[in-house]
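Here is the structure we will look at, set down as structure tokens.
Residue numbers (this note's numbering): 310 to 370.
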């Protein structure tokens with residue numbers, strides 16, 4: 310697998326881990342819908358990357 314694809318998948322997974330609204334405090338809950346939309350976009354991008362390249366995710370969300 311090209312190292313660029315591996316790096317892209319790893320970076321997307323890192324962002325998905327960090328943008329997890331369930332870990333946030335109450336003052337951030339107003340942004341949950343926006344964050345969920347970003348997560349959905351990243352999930353879709355990651356799925357397309359994996360399907361296109363045959364790469365397997367290190368973990369499922």
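Idealized CB from N, CA, C, for every residue including glycine. Quantities reported herein were computed from a predicted structural model and do not represent experimental measurements.
Rounded to whole angstroms, what is the Cα-Cα separation between residue i and residue j?
i: residue 342; j: residue 328; result: 12 Å
i: residue 344; j: residue 323; result: 14 Å
i: residue 366; j: residue 346; result: 21 Å
i: residue 314; j: residue 362; result: 8 Å
i: residue 357; j: residue 320; result: 15 Å
i: residue 348; j: residue 325; result: 6 Å
i: residue 311; j: residue 317; result: 10 Å
List the endpoints of the continuous alpha helix (DSSP H) containing residue i.
i: residue 312; result: 312-327
i: residue 366; result: Careful: residue 366 lies outside any alpha helix (DSSP H) and carries neither H nor E.
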